[in-house]
Amino acid sequence: MEEGNLALQYLLSGVTKGSIYAIVAIGFNLIYSATGVLNFAQGEFVMLGGMIAYTLWQFLPLPVAVAASVVLVALIGCALEILFFRKLRRHSILHMIIITMGLSIVIQEAALHVWDEKVRSLPYFTGNEISSVHLFGAAISPQVIWVLGTAVVSVVFLHGFLRYTLQGRAMRACSSNPEAAALAGINISNMRTLSFGLSAALGGLAGCVISPITMTHYEMGAPLAIKGFAAAILGGFGNPMAAVVGGLFVGIVEAFSVSKMPAAYSDVVAFAILLLVLFVRPHGLFGEPTAESLREF
Amino acid sequence: MKRLIVVAVLGLCLASGPLFAQGKASEPIKIGAIFAVTGPASFLGAPEQKTVEMFVDKVNKEGGVLGRKLEIVLKDSAADPAKAGSFAKQLIEEDKVLAIIGPSTSGETMQIKALCEENKVPLISCAAAEVIVNPVAKYVFKTPQKDSQAVTWIFNTMKDKGISKIAVVSSNDGFGKAGTEQLVNLAKDSGIEILANEVYDKQATDLTDVLTKVKGTAGVQAVVNWSIVPAQSIVAKNMKQIGLNVPLFQSHGFGNVKYAQQAGAAAEGTLFPAGRLLVVGELPDNHPQKALLASYKKDYESRFKEDVSTFGGHAYDALLVVVEGLKKAGSPDRDKVRDAIENIKGLVGTAGIFNFSPEDHTGLALDAFEMLTVKNGKFVIYKK
Chain A
1 MEEGNLALQY
11 LLSGVTKGSI
21 YAIVAIGFNL
31 IYSATGVLNF
41 AQGEFVMLGG
51 MIAYTLWQFL
61 PLPVAVAASV
71 VLVALIGCAL
81 EILFFRKLRR
91 HSILHMIIIT
101 MGLSIVIQEA
111 ALHVWDEKVR
121 SLPYFTGNEI
131 SSVHLFGAAI
141 SPQVIWVLGT
151 AVVSVVFLHG
161 FLRYTLQGRA
171 MRACSSNPEA
181 AALAGINISN
191 MRTLSFGLSA
201 ALGGLAGCVI
211 SPITMTHYEM
221 GAPLAIKGFA
231 AAILGGFGNP
241 MAAVVGGLFV
251 GIVEAFSVSK
261 MPAAYSDVVA
271 FAILLLVLFV
281 RPHGLFGEPT
291 AESLREF
Chain B
298 MKRLIVVAVL
308 GLCLASGPLF
318 AQGKASEPIK
328 IGAIFAVTGP
338 ASFLGAPEQK
348 TVEMFVDKVN
358 KEGGVLGRKL
368 EIVLKDSAAD
378 PAKAGSFAKQ
388 LIEEDKVLAI
398 IGPSTSGETM
408 QIKALCEENK
418 VPLISCAAAE
428 VIVNPVAKYV
438 FKTPQKDSQA
448 VTWIFNTMKD
458 KGISKIAVVS
468 SNDGFGKAGT
478 EQLVNLAKDS
488 GIEILANEVY
498 DKQATDLTDV
508 LTKVKGTAGV
518 QAVVNWSIVP
528 AQSIVAKNMK
538 QIGLNVPLFQ
548 SHGFGNVKYA
558 QQAGAAAEGT
568 LFPAGRLLVV
578 GELPDNHPQK
588 ALLASYKKDY
598 ESRFKEDVST
608 FGGHAYDALL
618 VVVEGLKKAG
628 SPDRDKVRDA
638 IENIKGLVGT
648 AGIFNFSPED
658 HTGLALDAFE
668 MLTVKNGKFV
678 IYKK
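The listed protein sequences derive, respectively, from chains A and B. The opening position of the first sequence corresponds to residue 1 in the numbering used here, with each subsequent residue numbered one higher. The opening position of the second sequence corresponds to residue 298 in the numbering used here, with each subsequent residue numbered one higher.
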């Protein structure tokens with residue numbers, strides 16, 4: 001295989017992984033921006049999206065199953081926020097982060113009991129397991145295009161939502177100055193619930209669209225959350241587009257590291273580069289070094 | 298004072314409990330089972346636990362063994378060697394089991410091998426690593442076929458097909474490492490050259506980068522993947538998606554038709570060694586294993602509404618070995634049962650026909666495996 005084609009193939013492979021990380025990172029970014037909480041249960045929303053869609057797909061057409069799953073996961077996200085975060089009288093961010101870790105474990109176990117340990121996957125949205133799209137001598141599965149497309153659509157939607165709608169602007173107000181926002185009549189609690197719901201919805205959608213590639217099982221959430229979190233940090237909080245760039249960056253670095261070193265080291269390389277970038281730019285590639293990053297801990 | 302009396306009485310009751318639980322002739326015979334029912338090896342432990350449940354119900358319905366019912370004391374280790382170790386201690390010292398079947402994974406088995414040997418408790422493991430029975434420990438047996446036998450089958454099939462240069466990709470867990478070791482050790486003598494040898498993370502969600510490296514390695518005629526689910530299906534799909542169209546060999550970890558279904562069209566033509574349980578329909582009626590395999594498959598699938606796998610079969614064989622040893626020994630004495638097990642010959646199990654001996658505590662020969670392939674989403678015997 002020609003050198004150029006091989007490099008392109010690696011690039012596409014990196015884009016495949018990267019878009020998966022990106023789509024998880026967007027969810028992290030959103031909740032952090034709106035509430036200051038690092039939601040370590042984000043990976044579980046992805047897992048639930050895929051699992052619920054799989055169950056619904058048994059008796060509904062695929063697009064309906066996916067849509068219904070996204071709605072259900074959004075509701076679960078809202079419910080979690082109402083049950084666990086509203087009731088807290090002291091809104092210490094550290095408490096809330098630890099609660100999300102606990103929730104992640106509880107949701108995993110619950111999923112194990114509801115769906116058992118088997119691996120499942122949704123069918124490919126277009127084509128099947130062996131379809132591939134050829135681009136200049138390299139090939140990828142059409143599902144990768146779906147994942148990338150979903151990431152792009154999510155970013156565009158979020159951007160429009162946060163900038164042009166009343167709710168979106170209210171959410172941004174809450175994130176930059178909660179006290180002032182409350183004084184202006186914005187219901188902080190509802191904004192928090194909305195951000196969880198939206199992030200859960202995006203996570204659930206991600207879970208559906210990546211399911212044919214990664215396969216869905218009850219434990220898939222945790223490793224995805226770690227990579228997604230790394231991607232979100234790398235991109236920098238405060239901008240959903242940054243999360244996508246962060247994700248793609250991590251994915252592509254991993255893929256190219258495989259070309260030069262044994263695949264066993266790909267994680268090491270990815271995290272080493274992450275650390276390097278953070279030493280130089282602690283707030284990530286696109287993050288804003290403003291008061292936003294000085295969250296109480 | 299009253300509180301003290303209540304506590305003392307309760308304490309005495311608890312302490313005397315075990316005194317009432319032992320050895321009466323009508324008491325059930327206790328056999329310990331440590332399986333990874335939940336956790337990363339649940340695809341092994343869950344079918345194993347279900348199989349054992351089904352087997353014990355059947356045996357007890359038919360009157361038990363030596364006139365006594367069997368009772369399985371089940372512990373879920375979640376594939377954690379530390380948990381397996383503490384459960385083994387509990388089973389040996391508190392429950393005083395006759396023997397232990399399981400654990401599901403090699404790591405856990407190695408953790409408890411010495412313990413069982415010291416305490417002279419027969420251990421019939423459902424894990425496959427060579428080191429479990431090599432060096433041989435008097436009380437430790439295993440029922441799965443050996444990794445080296447799986448590799449031998451793969452290399453023999455490759456030679457038939459004229460394949461001599463291959464790439465190996467494996468997961469970074471114990472199973473992947475053990476398999477890769479066997480592949481590397483046996484390659485030279487089989488005339489096979491390994492051009493690329495890559496290890497990937499067992500939780501990887503996409504393996505196109507590793508397979509791109511394989512695609513970029515000139516001369517690769519086949520790929521061997523040594524891992525468990527989900528990587529098995531992901532490798533198959535990714536290979537087709539990036540256009541790496543060479544034969545794919547999987548390990549005997551592919552032993553559940555669901556994995557072929559998950560990889561869909563990408564699984565067609567995959568080759569892997571496995572026990573005959575998966576192709577019982579194709580066996581001639583006079584094959585010694587046919588009756589047992591057919592009835593196990595029917596009972597398991599109708600009771601649990603899921604496909605049989607060779608993994609559940611290993612637990613079946615382990616319990617079968619214990620029951621057979623018990624019958625031959627004539628009494629639930631650990632040493633007598635151990636001796637009886639070591640002398641078992643010609644026992645028809647799901648994985649093959651067992652012939653144990655003081656040097657061979659696996660009991661299965663090369664013919665316990667069959668080379669299978671995937672055709673139209675089903676497992677069939679590979680015909681040259």
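All C-beta atoms, glycine included, are put in the ideal place defined by N, C-alpha and C.
Between the segment 120–131 of chain A and chain B, which residues of the former have CB atoms less than 7 Å from a CB of the latter, in chain order?
Within the segment 120–131 of chain A, the residues whose Cβ lies closer than 7 Å to any Cβ of chain B are, in chain order, S121, N128, E129, I130.
Do G246 (chain A) and G203 (chain A) have their C-beta atoms closer together than 8 Å?
No, these two residues do not count as a Cβ contact at 8 Å.
Which whole runs of the alpha helix (DSSP H) in the segment 400–473 of chain B are 4 residues long or more, in chain order?
Complete alpha helix (DSSP H) runs here, min 4: 403–415, 444–458.
Given 8 Å as the limit, is there contact between the segment 82–98 of chain A and the segment 14–33 of chain A, that is, 3 or more CB pairs closer than that?
The segment 82–98 of chain A is not in contact with the segment 14–33 of chain A.
Taking just the CA atoms, how far does F286 (chain A) sit from P432 (chain B)?
One Cα belongs to P432 (chain B), the other to F286 (chain A), and the distance between them is close to 58 Å.
On the DSSP letters alone, give me the boundaries of the beta strand (DSSP E) that P344 (chain B) sits inside.
No beta strand (DSSP E) contains P344 (chain B), which is instead part of the alpha helix (DSSP H) from 339–358.
For P344 (chain B) and chain E, any beta-carbon pair shorter than 8 Å?
You won't find chain E in this structure, because its protein chains are A and B.
Span separating the alpha-carbon of L275 (chain A) from that of P282 (chain A):
L275 (chain A) and P282 (chain A): Cα-Cα distance of roughly 9 Å.
Just checking: is the beta-carbon of Y10 (chain A) within a distance shorter than 8 Å of some beta-carbon in chain B?
Yes, Y10 (chain A) lies at the interface with chain B (some Cβ there is under 8 Å from its Cβ).
Assign N553 (chain B) to one of three DSSP states: helix, strand, or coil.
Three-state result, N553 (chain B): strand.
Cutting at 7 Å between CB atoms, please list the residues of its own chain near Q547 (chain B), excluding the five before and the five after it.
If you ignore the 5 residues before and after Q547 (chain B), its C-beta comes within less than 7 Å of the C-beta of N522, Q529, T567, F569, all in its own chain and listed in chain order.
Report the neighbours of S339 (chain B) on chain A: residues whose CB is nearer than 7 Å to its CB, in chain order.
Ordered by position in chain A, the residues that pass the 7 Å Cβ test against S339 (chain B) are E117.
Please determine, among B:A637, B:Y613, B:N652, B:L580, the residue with the shortest C-alpha to C-alpha distance to K355 (chain B).
Looking at the Cα atoms, B:Y613 is the closest of the given residues.
Residues near P544 (chain B) by beta carbon distance below 6 Å, same chain, minus five either side:
In its chain, beyond the 5 residues on either side, A519 have a beta carbon closer than 6 Å to the beta carbon of P544 (chain B).
Cβ distance (whole Å) where C423 (chain B) is taken to contact T449 (chain B) below 8 Å:
Contact flag wrong, Cβ pair sits at about 21 Å.
Compute the distance between the beta-carbons of V37 (chain A) and I93 (chain A), then report whether it is under 8 Å.
Their beta carbons are under 8 Å apart, which means V37 (chain A) touches I93 (chain A) by this criterion.
Fully enclosed by the segment 56–143 of chain A, which alpha helix (DSSP H) runs are 4 residues long or longer?
DSSP runs (the alpha helix (DSSP H)) wholly in the segment 56–143 of chain A: 62–80, 93–115.
Counting only C-beta atoms, is S401 (chain B) closer than 8 Å to chain A at any point?
Chain A, which has no Cβ nearer than 8 Å to the Cβ of S401 (chain B), makes this no.
Under 8 Å (Cβ pairs) to chain B, residues found in the segment 259–277 of chain A:
Against chain B - using a Cβ distance shorter than 8 Å - the residues of the segment 259–277 of chain A are S259, P262, A263, A264, S266, D267.
Take every Cβ of the segment 601–617 of chain B, pair it with every Cβ of the segment 572–580 of chain B, and state whether three or more of those distances are shorter than 8 Å.
The segment 601–617 of chain B, when compared against the segment 572–580 of chain B, does touch it at the 8 Å Cβ threshold.
Taking the continuous alpha helix (DSSP H) assigned at D373 (chain B), which residues delimit it?
For D373 (chain B), there is no enclosing alpha helix (DSSP H); the residue is found in the beta strand (DSSP E) stretching over 367–373.
L8 (chain A) by DSSP, collapsed to three states: which one?
Helix, per DSSP.
Going along chain B, which residues have a C-beta under 8 Å from K87 (chain A)?
Under the 8 Å cutoff, chain B gives no residues; its nearest Cβ is about 30 Å from K87 (chain A).
Which of the three DSSP states is assigned to Q559 (chain B) in this structure?
Residue state, collapsed to three classes: helix.
Of all the alpha helix (DSSP H) runs that stay within the bounds of the segment 218–283 of chain A, which reach a length of 4 or more residues?
Here the runs fully enclosed are 221–235, 240–260, 266–280.
Residues of chain B with a CB under 7 Å from the CB of I213 (chain A): which are they?
Within chain B, the residues T502, D503 have their CB atoms less than 7 Å from the CB of I213 (chain A), given in chain order.
Please check if any C-beta of chain B sits within less than 8 Å of the C-beta of L6 (chain A).
So yes, L6 (chain A) belongs to the interface.
If the cut-off is 7 Å on Cβ atoms, which residues from the segment 131–152 of chain A count as contacting chain B, listed in chain order?
Correct list: S132, A139, I140, S141.
Rounded to whole angstroms, how far is the Cβ of I140 (chain A) from the Cβ of T16 (chain A), which I believe are closer than 8 Å?
Correct: roughly 6 Å between the Cβ atoms.
Would V507 (chain B) pass as an interface residue toward chain A - the criterion being a Cβ-Cβ separation below 8 Å?
Interface residue, yes.
V250 (chain A) versus I226 (chain A): straight-line alpha-carbon distance, rounded
In a straight line, the C-alpha of V250 (chain A) is about 12 Å away from that of I226 (chain A).
For E44 (chain A), which residues in chain B fall below 9 Å Cβ to Cβ?
Those within 9 Å of E44 (chain A) in chain B number zero; the least Cβ separation is about 15 Å.
Indicate whether S121 (chain A) and G221 (chain A) have their beta-carbon atoms separated by less than 8 Å.
Remark: C-beta atoms of S121 (chain A) and G221 (chain A) do not approach each other more closely than 8 Å.
Does the beta-carbon of V334 (chain B) have 16 or more other beta-carbons within 10 angstroms, so that it is buried, or is it exposed?
V334 (chain B) is classed as buried because its beta carbon has at least 16 other beta carbons within 10 Å across all chains shown.
Exposed unless 16 or more other CB atoms sit within 10 angstroms - verdict on G674 (chain B)
Exposed, by the Cβ-count rule.
Going by Cα to Cα distance, which pick from A:I107, A:A53, A:S33 is closest to M215 (chain A)?
It is A:A53.
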